[in-house]
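Taken in order, these protein sequences are the chains called A, B, C and D. Quick note on numbering that gives the first Met the number 0: the first sequence kicks off at 0 and runs consecutively. Quick note on numbering that gives the first Met the number 0: the second sequence kicks off at 0 and runs consecutively. Quick note on numbering that gives the first Met the number 0: the third sequence kicks off at 0 and runs consecutively. Quick note on numbering that gives the first Met the number 0: the fourth sequence kicks off at 0 and runs consecutively. Down below is the structure, laid out as structure tokens.
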Amino acid sequence: MTLHPVARLAAQRIALGLLLLFAASVLIFLGTQILPGDVAQAILGRSATQQSLATLREQLGLNEPALTRYFSWLAGVLHGDLGIALSNGQPIAPALAKRLGNTLFLAGAAAVIAVPLAILLGLISVRYLNRWPDRLISAVTLATISVPEFLLGYIVIFFLAVQYQFLPSLSTVYDGMSFGARLHAIGLPVIVLVLAVLGHMMRMTRAAILNVMQSAYVETAELKGLRPFAIIAKHALPNAVAPVVNVVMLNLAYLVVGVVVVEVVFVYPGMGQYLVDHVAKRDVPVVQACGLVFAAVYIGLNLVADIVSILANPRLRHPR
Amino acid sequence: MMRLPVSALIGLCLTTAYFAAALLAPLIAPFGVAEIVGQSWEPASAQFWLGTDSIGRDLLSRMIWGGRTTIFVAAAATALSFGLGSVLGFFAAVRGGWVDQVLSRLVDLLMSIPSLISALVVLSVVPVTIPVLILVMGILDSTRVFRLARAVAVDIAVMDYVEAVRLRGEKQGWIIFREILPNALSPLVAEMGLRFIFAVLFISTLSFLGLGVQPPMADWGGIVKENKEGIVYGIPAALVPALAIATLAISVNLVADWVLDRTTSLKGGRNAR
Amino acid sequence: MNDDLAKLLAFVDKGGLGRRAFLGRTAAFGLTAALGTTLLPQGLKAQEAKKGGVVKLGLQGGESTDTLDPGLANAPAKNNVVRQWGDTIVEVAPDKALVPRLAESFEGSADSVTWTFRIRKGVKFHDGSEMTPEDVAATYRRHSDENSKSGAFGIMEGIKEITVDGDNVVITLKSGNSDLPYLLADYHLQIQPKGGMDNPDAGIGTGPYKLVSFEPGLRYVFERFADHWDPARGHYDGVEVLVINDTTARTAALQSGQVHAINRVDPKVAKLLSRAPGVQVKSIPGPGHYVFIMQVDKPPFDNKELRLALKYAINRQEMVDKILDGFGTVGNDFPINASYPLFDESLPQREFSLEKAAEHYKASGHDGSPIELYVAEGAFPGAVDAAALFQASAQQAGIPLEVMRVPDDGYWADVWNVKPFCASYWSGRPVQDQMYSVPYLSNAEWNDTRFRNQEFDDLIIAARAELDEAKRKEMYSQAAMILREEGGVIVPMFNDSVDAISEGIAGWIDDPQMELMNGFLTQKTWFA
Amino acid sequence: MPDSAVAENLLEIRDLVLEATSYPPGEPPKNVTLVHGVSLCLQKGKVLGLIGESGAGKSTIGLSAMAYGRGGVRITGGQVIVNGRDILKAGARGLRSLRGKEVTYVAQSAAAAFNPAKPLMGQVIETTLASGQIGRAEAEARAVDLFRQLGLPDPETIGTRFPHQVSGGQLQRVMTAMALCPKPDLVIFDEPTTALDVTTQIDVLAAIKRAIRETGVAALYITHDLAVVAQVADDIMVLRHGRTVEYGPCKQVIEAPQEEYTRALVSVRSIDHVEKAEAPPLLSIQNVTARYKGTGFDVLKNVSVDLPPGQTLAIVGESGSGKSTLARVITGLLPATRGHIRFDGRDLSPDLTGRTRDDLRELQMIYQMADVAMNPRQTVETIIGRPLEFYFGLRGEAKRKRVQELLDQIEMGHGFADRYPAELSGGQKQRVCIARALAAKPKLIICDEVTSALDPLVADGILKLLLNLQAEEGVAYLFITHDLATVRAIADRIAVMFKGQVQRYGSKTDVLSPPFDDYTDLLLSSVPEMRLGWLEEVLAHRRMASAGN
């Protein structure tokens, strides 16, 4: 049964993605185990007694060789058991799962707004190339990508929450909340995230669309006397899908970084804040678990981008 | 001297001002970095041009010392990432074969984890000092420089003039430094500006999260964190460092855009804009 | 007797004590409890309370590992939560007068060894069952049990026997203690059905609001308990407590109208916040104080010279000016200040002196390795900045102090009472005996400085039974000097408790004992 | 202006002026005039050929017939009258009704001109449907007729295929169909056959000529190849640097050119070089077989050719014949899997790394695209000087003098020494590459399509230079090209290659005189000759040949 080439390519990419995730887990585990300096000392601080250091080393299993520890950790991860948090002895998985849900909800909401907005702005600035809309958009994006996310956060709180009380400055979400209330609660952090990601995504989308608009077949379409909008919709956009999708996925790295900062600024119970707190507490098992989940989400998204760009490429969809 | 577009002019002036302040910090800072001189959050006055911070330290001195740390760490990290990234990138492009494969796959792996997350993972086990921060940021960022350098070098290596030189029997040293490097330099220089901005934002974010520069040392991100209670009331101690980060990033951005324009037009007619 | 009154008047002029607090102070001087209620300021009764609305509190001091067991309430958010659903048998009014609650009336024997409390009848628990004297007795027995780890264990420790006699609960003490009614007003001692023996964290009590749902360390939802025994309390339809540990977010939540009241306003911001529209800032001097606590049984803090070096190396006045922005007074390394009855003004105030600090540090022979001080914004508002100031002055005296910043999340579970040197707070107690016995008696549950001093224990226990006020005051002064000299606690400053409420709230009364009107905000105020 | 018949002009261009802004590096942008007042007219059903070297402005003039400025070109003067109305005055809506309906366009590279994400049929009938005259079914039927008319294989189903599923030649014909589908009055052919192989060019040219005759449409045919335009055009306009050099009927311009420049263009193909006699070989390639790593098939299959010293062996073949691969095998960049190469009496190691410095010095190479064959960051002096340093250790004054000698040899002034490649013209860049090769005093220079990227006159200059240098220096050339005219001009011996094998090999006269094997016959007969009616002859000859067997 010969697979349609696109399906074969997609399967290849998925296999590559899984391999990458496995390698990433090795990197994260080794990153936290073999670095110089005694992990137990780093966690308990200098004035810790020898006895407490010994018990912690035992608890972390630092005495066994790294390889066996890695595989036992990996086995646990595969069964969904991410180990026990050092600081409060609670199992990591349940707390992490809820917080991952919150983070994905926030990042998803931001992406759902940022992606179409970036493409729209990209189209507008290509349509009015080098005229005032293009210059204005470029100036604004230059500003937003140069401003640190936490400054954006506080400016937005000051104006939209304190000064004009449109949206709550506090974005706590809890179980009983309705979907609408949840959206209302994360209004401000989504705005900040969109601003943080929009700049990068818009600049690259503009370049991708510009590249397509300057191709020969768009000129042919123009020479066929089609309306500008028909040219963009029927000829430019179908070919812009693959490069734009790649650009969007490339920028999700900024979204991940933005989420961490925004969660700290808005005290949002997501994975970003959970990771930052436990890094400060030097709670190695939690940091490993969070690192792995972030990597998995990121690799997964890149995988989706790869597959979408394969599907969008006519050469692959209709082989010779 | 070329007639500078106004935006590049502003960018250049601001950037040089910041770098000068960073270099001359010990001379021009009125007080020590952690010297407690007044009340908390005093407004700007003749004695304290920018007022004081949350525990009464002169904000202007702290901004100057903080700027010195931010710019020094960002510059050092960028230098490390460029040194490491471009040399390995060129080497992989010219050598090709398994060297190229191994290096490229390793870079793919490192880039499969967002840089902030990898930094946090590493910082959770090692003592957070300035050299460690520079090392972590430098290595993580060198992956992106590697990819650019390798791509640029591969583009050049397939050019006929490199093949002609190889046919002549020239050694690899000559090929890299006399044929590839001069042409690869302009895109890399423009990218250096962007990487520096990334480094400034990265160290500021780490410090804001409390995991970057540890007190009593200070950098701009750290100062924002120390005074973040006041930010909603427009206290300068919180706004000034954040605006400094933004203006530094914007001005370097303007200069980098101008450098990119000038170098691509110089690249022998083929305006690869 | 009168020289104390005179001293008190002097203190009031200095603005140290609000007029009502002064009235409360006079009540404590030997007047019987019954009189206390009549002294309530007439102004309060005149305003007519309005019913309705859901009040939302934004509080600092909660974590995901919290439970509803009143015995374990050790942080501001948890202390306020227990006030919603529970009642104690006696309550200390803002002016320190004793107000009978679940006990209709009470009286102590001449030697204040046996106390009888007549329990109010017809009071219903939230689960519909009726409250009986047995429930009261069972509650106190639970808190006296060693492994309940209750914060009130230090108080219960002085009780020999608890018996029920018809409508009365009779408590006999090991040795007389005229302050017992004050001790039983402690917020840990919420009366629970069958004492809460079977499940202490059910959150069922007799309070004006009934628990609806909660997410530990995040959010607690209450609704008005229809047949609460005291119609004069609880004017809101419901209460929502949101845990917001981050100070900036908490303040912004109040300003953006998302919550109606917040605790622990950063003093530095108090002036600015008071100018914000729709917000009232309430700062009340009181017994609350901020501390840096050393566990004296762990090196290097087992060395007295080092402890003294650190005590001299802290600049107290600078902390009051910069951290409290003037809202507070200088501390003297023991937990009692002028707001306590029998306070001895004459105790020498320890001054900030780099020379003495350096001398003691040299004498301690410390090896110079960094001394780690763990601190978080959650310890007390401005704790991180205070640690920075302490580090700066300590380093000038050659002491290698290093500040370890840790996140708020999990501070009270993993850092306080765990790490050898960290920051903490006390909201204070109505009387000296309670303030000394809860944290500093050798067997106290919350002895976070691991202070074990036999002479100090004897003094405190003896003082309880001492009827002669002057002698009792003298004993407390001696105890204070021991703690000041030997103790592991550094008390740089007594802080006003600074809260902020929205203008929509009416009926606020200043109460120096604990933040948000000693936790009674939701019971006594209403929407204007 | 020719005394055109009374028939009313379909297209009339009067004193057309075109300008554009150029951005020289480092200087402020400045305006450049591309076309200085060109005038022409065209009647219905007639074909006007626009001929000129690159940069002459022929494409920009063609596009001005649709009032379209490519890459920032602006029409700043003159009038363009189509069917009696000046389209420069027509607003955007007016232009939209003109373009793709009254006037259509066929691009040079059809492969890039088609939207890769959509099947062909949709794109072909797009404007016809937009004009609303006929429905989809009728439009598709018309398209299929045109496909059949243009000789496309299985016309009914080709419409459903995607652009990348069809060959370059076929796409060119589909684009012609696309241009003819809306029944326009005028079609602009912008170098339609330049990108094709010479054998496919014949078929496409014939198909276009037949389509124009049958549909009676007027056409502007733009090309740089005079021989090609001679077969198609009724009138010819010769352009140079945006000015009209000559404008008249096709017969007059070809057979009796008035202007000096036109005469040079007509005679460009007429160099003929007397071949040298047989001699023992300098380079002998024996049964060489080669394949690229990772591919399953041999690109070269036991090739055997010889090249005597001081002579020129031309390797002729179409793209994919393996001629460039042969060059890479000889230089050692791609080691042969079988067979060996003898050079100047010694065996060359198949791999570049195994060769001695003299091996490398005596065998030099010149590339097709001169502007990527020189490092843009080095001056001409450095480029020519480096081989002198590397092979002969010349330094300083001695090196500078030798560079000047070389510059004289390639007929370029000494002033060029400190120029950068970006500042040289196409021909000058190729001359510097030749100088660089000569600097090594080689015995053999491999020339890989060195003239195919240059304009005819400039290419002519380079061929003459190479011949003089061969006479002076006695250097042998291995000349790789797909253009037979060049072969006639320079070769002593010829090897015709087809799919990796030597199809025909021998002295020039033997190879170029009949009887020919089929492929060589097809190849030779596909090169347009500078006379009218040549196209009809070749087609008639081919019909007879195919009828015969």
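Virtual Cβ for every residue (Gly too), placed ideally from N, Cα, C. Predicted model only: the values in this text are computed from it and were never measured.
- At the C-beta level, Pro-180 (chain C) and Leu-101 (chain C) stay beyond 8 Å of one another.
- Taking C-beta atoms as the reference points, Met-110 (chain B) and Ile-202 (chain B) fail to come closer than 8 Å.
- In this structure Cys-432 (chain D) is buried. Its beta-carbon is surrounded by 16 or more other beta-carbon atoms within 10 angstroms.
- Closest in alpha carbon position to Arg-95 (chain D), among D:Ala-109, D:Ile-80 and D:Tyr-67, is D:Tyr-67.
- Shortest Cα-Cα distance from Glu-148 (chain A) to any of A:Ile-156, A:Ala-195, A:Gly-175 and A:Ser-177 involves A:Ala-195.
- Shown here for Val-31 (chain D): same chain residues with a beta carbon closer than 8 Å to its own, the five before and five after excluded, namely Glu-18, Ala-19, Thr-20 and Ser-21 in chain order.
- Ala-183 (chain B) and Gly-192 (chain B) have their C-alpha atoms roughly 15 Å apart.
- In the DSSP assignment, His-35 (chain D) is bridged to D:Val-16.
- Ser-424 (chain D) and Gln-403 (chain D) have their alpha carbons spaced roughly 19 Å apart.
- Per the C-alpha coordinates, the member of B:Ile-63, B:Ala-150 and B:Arg-104 positioned closest to Leu-18 (chain A) is B:Arg-104.
- Separation of the CB atoms of Gly-237 (chain C) and Ser-426 (chain C) is rounded to 26 Å, and the pair is thereby denied contact status at 8 Å.
- In terms of beta-carbon proximity, Gly-65 (chain B) stays away from the interface with chain C, with every pair separated by 8 Å or more.
- Chain B has no Cβ within less than 8 Å of the Cβ of Ala-499 (chain C).
- The beta carbon of Gln-316 (chain C) does not come within 8 Å of any beta carbon belonging to chain B, so the residue lies off that interface.
- Taken in chain order, the whole beta strand (DSSP E) runs of length 3 or more contained in the segment 466–499 of chain D are 475–480 and 492–497.
- For Trp-72 (chain A), the closest of A:Gly-107, A:Thr-31 and A:Gly-16 by C-alpha to C-alpha distance is A:Thr-31.
- The C-alpha of Val-16 (chain D) is placed about 5 Å away from the C-alpha of Gly-36 (chain D).
- By the criterion of at least three beta-carbon pairs nearer than 8 Å, the segment 57–77 of chain C is in contact with the segment 240–248 of chain C.
- Between the segment 209–228 of chain B and the segment 296–304 of chain A, the count of C-beta pairs closer than 8 Å stays below three; the two stretches do not touch.
- If you draw a straight line from the Cα of Ala-65 (chain A) to the Cα of Tyr-232 (chain B), it comes to about 51 Å.
- For the segment 60–133 of chain D, the full-length alpha helix (DSSP H) segments reaching 4 residues or more read 91–97, 109–112, 119–123 and 125–130 along the chain.
- Taking the Cα positions, Asn-167 (chain C) is about 15 Å away from Ile-190 (chain C).
- Residue contact with chain A for Leu-26 (chain B): absent (no Cβ-Cβ distance below 8 Å to any residue of chain A).
- Gly-229 (chain B) reaches chain C at Lys-267, Val-268 and Leu-271, counting residues in chain order whose Cβ is nearer than 8 Å.
- DSSP, reduced to helix, strand and coil, places Tyr-253 (chain A) within a helical segment of the structure shown.
- If you look at Leu-315 (chain A), you'll find it in the alpha helix (DSSP H) that goes 313–316.
- When the alpha-carbon of Leu-79 (chain B) is set against those of B:Arg-165, B:Ser-44, B:Val-131 and B:Ala-241, the nearest one is in B:Val-131.
- Membership of Gln-279 (chain C) in the beta strand (DSSP E) is indicated by the continuous run 278–283.
- In the DSSP assignment, Leu-522 (chain D) falls within the unbroken alpha helix (DSSP H) covering 517–524.
- Shown here for Pro-266 (chain C): same chain residues with a beta carbon closer than 6 Å to its own, the five before and five after excluded, namely Leu-323, Asp-324, Phe-326 and Val-497 in chain order.
- Here His-142 (chain C) is buried: its Cβ has 16 or more other Cβ atoms, across all protein chains shown, within 10 Å.
- Between the C-alpha atoms of Val-228 (chain D) and Gly-84 (chain B) there is a straight-line separation of about 55 Å.
- Listed in chain order, the beta strand (DSSP E) elements of length 3 or more contained wholly in the segment 389–446 of chain C are 400–404 and 420–425.
- Apart from the 5 residues on each side of it in sequence, Met-120 (chain D) sits with its Cβ closer than 7 Å to the Cβ of Glu-139, Ala-142, Gly-158 and Thr-159 in its chain, given in chain order.
- Assigned with DSSP and collapsed to three states, Cys-40 (chain D) falls in strand.
- Neighbourhood of Pro-115 (chain D) in chain A, by CB distance below 8 Å: Tyr-216, Asn-238, Pro-313 and Arg-314, in chain order.
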